[in-house]
Amino acid sequence: EGPWICHKLAAGLAGTRFEGLRIAKEKPGVYQLGTKLLVAVQADLEGGELLVHGYFDEKHVLHPVRSPVRTFLEEHGAKPPSDTC
28 EGPWICHKLA AGLAGTRFEG LRIAKEKPGV YQLGTKLLVA VQADLEGGEL LVHGYFDEKH
88 VLHPVRSPVR TFLEEHGAKP PSDTC
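Numbering-wise (the working numbering), the sequence shown opens with residue 28 and increments by one.
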């Protein structure tokens, strides 16, 4: 699961300011975007797109969102890789 989902998430960021963002599997279905964001990922069964199903806050509470990875990063103020060095 991990390598395929990391690849699909990275592909969704290709050509954007978020290209090259660190993506890592935290545990099944949960991935780390950048240095701090933990998200739950789920496939959209109708369109086949990989969506951020929700994100975890600092208290590990899941907040539902259901959006593509790029949209999620733009809406939640994530920093592009060049800003995180």
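Glycine included, each C-beta is placed from N, C-alpha and C at the ideal position.
Distance from the CA of Y82 to the CA of F45, rounded to the nearest whole angstrom, comes to 17 Å. Pairing A37 with L64, the inter-Cα distance amounts to about 15 Å. The DSSP-derived three-state label of H90 is strand. Taking the C-beta atoms as reference points, L48 is found no nearer than 7 Å to R97. Pairing P55 with T43, the inter-Cα distance amounts to about 26 Å.
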